[in-house]
Amino acid sequence: MVSKPRMQCPLCNERLERDADIEEHLLSQHEPRELASEIASEWEAEEFAGTE
Ligand SMILES: [Zn+2]
8 MVSKPRMQCP
18 LCNERLERDA
28 DIEEHLLSQH
38 EPRELASEIA
48 SEWEAEEFAG
58 TE
């Protein structure tokens with residue numbers, strides 16, 4: 008039986024329960040602004056890495 012890898016929240020680095028829904032964690036634990044800035048910074052990091 009294959010077990011799903013544990014998810015880790017990219018914002019607070021909290022390990023989520025195996026059956027936890029990361030979306031639910033994000034929505035209940037973090038502000039939309041936090042999510043947006045996290046996504047934006049990841050996007051920027053990727054863009055930056057690609058310009059080498
Ligand atoms: Zn979190």
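Count the sequence shown with the working numbering and you get residues 8 to 59, in order.
Each residue gets a CB set at the ideal place from its N, CA and C atoms; glycine is no exception.
Please read all numbers here as calculations on a predicted model, not as lab measurements.
9 Å Cβ cutoff met for E24 and R13: By 1-based counting over the sequence shown, the position of residue 24 is 17. By 1-based counting over the sequence shown, the position of residue 13 is 6. Contact annotation: E24 and R13 have beta-carbon atoms nearer than 9 Å.
Residues surrounding ligand 1 [beta-carbon distance to nearest heavy atom under 6 Å]: C16, L18, C19, E21, H32, Q36, H37
L33 vs C16 beta-carbon contact at 9 Å: For the purposes of this step, residue 33 is taken as residue 26 along the sequence shown, with counting starting at 1. For the purposes of this step, residue 16 is taken as residue 9 along the sequence shown, with counting starting at 1. Between L33 and C16, the gap from beta carbon to beta carbon is short of 9 Å.
Sub-9 Å separation of L18 and E41 beta-carbons: In the sequence shown, the residue the question calls residue 18 occupies position 11. In the sequence shown, the residue the question calls residue 41 occupies position 34. In contact: L18 and E41 (Cβ atoms closer than 9 Å).
In DSSP terms, what R22 is bridged to: Taking the sequence shown and counting its residues from 1, one reaches residue 22 at position 15. DSSP, once it has assigned bridges, lists Q15 as partnering R22.
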